[in-house]
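So this is what it looks like as structure tokens:
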């Protein structure tokens, strides 16, 4: 652990120390920090909070703040490692799906905050000779995220959205999820595994020909046309 990380962790422990404060000003500051961090985490992970309940979430949020202090003054960036934290959190051991639900929620959060890129340059694409198409390296839109899970995370996520009954339509099966932004809001969609793997390879920087090898024969062109529309 670096000296800076150790200092940050010690500071967070002092802020969450349950002892009495001799300085009333420090007590007010401490309460404010606790409330701000907990509120930011709850805003980014509403489904996780609903799944585990307020008391569980509050305790986990406090432990997370101590172990993984924020490196940014922007509360919108706070909570990036919460899924990894939950994967090692002893009290969540019986909820195997919870870290992946958290990953999906963070993907949605990032999707909504991502910058809007310049419009796709179809003119530049038209100048590429057909024989060079396979060498093209395409980038995913900044507001697209990919999440794969052995659990039905999309069904769990949907069932626990606001004003839903919390009962997922599926309780088994893997999910291959694409999160994209529509009208400023994150939209969660499940896709076939081959489409997800194709997008994953594009995101990793594979040229088009290599990535297209993951798609069933004959659908690569149609899929790309739909994706670029």
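Numbering (this note's numbering), first residue to last: 129 to 357. Even for Gly, the Cβ is constructed at its ideal location relative to N, Cα and C.
Contact check for residue 279 against residue 243 fails: the beta carbons are separated by 9 Å or more.
Where residue 175 is concerned, the enclosing alpha helix (DSSP H) starts and stops at 174–180.
In the displayed model, residue 273 falls within a strand according to three-state DSSP.
Distance from the CA atom of residue 227 to the CA atom of residue 176, rounded to whole angstroms, is 9 Å.
A buried status is given to residue 229, since no fewer than 16 other beta-carbon atoms sit within 10 Å of its beta-carbon.
When Cβ pairs closer than 8 Å are counted between the two stretches, the region 186–198 is seen not to touch the region 306–321, the count staying below three. Under the DSSP assignment, residue 305 falls in the beta strand (DSSP E) whose first and last residues are 303–310.
Going by C-alpha positions, residue 308 is about 16 Å away from residue 320.
The residue among 275, 225, 245 and 208 with its C-alpha nearest the C-alpha of residue 298 is 225. Secondary structure at residue 316: strand, using DSSP grouped into helix, strand and coil. By the C-beta criterion, the region 177–195 is judged not to be in contact with the region 239–257, since fewer than 3 inter-stretch pairs fall below 8 Å. If you draw a 10 Å sphere on the C-beta of residue 221, you find fewer than 16 other C-beta atoms in it, and that means exposed. With respect to the C-alpha of residue 271, the residue from 205, 235 and 341 having the closest C-alpha is 235. Secondary structure of residue 204 (DSSP, three-state): helix.
Residue state for residue 163 is assigned as helix, using DSSP reduced to three classes. Taking all protein chains in view, the Cβ of residue 251 is surrounded by fewer than 16 other Cβ atoms within 10 Å, so the residue is classified as exposed. The alpha-carbon separation between residue 213 and residue 185 amounts to approximately 12 Å. With respect to the 9 Å criterion, residue 305 and residue 268 are not classified as neighbours on the basis of their beta carbons. Residue 219 carries a helical assignment under DSSP once its states are collapsed to helix, strand and coil.
One alpha carbon belongs to residue 233, the other to residue 248, and they sit about 27 Å apart.
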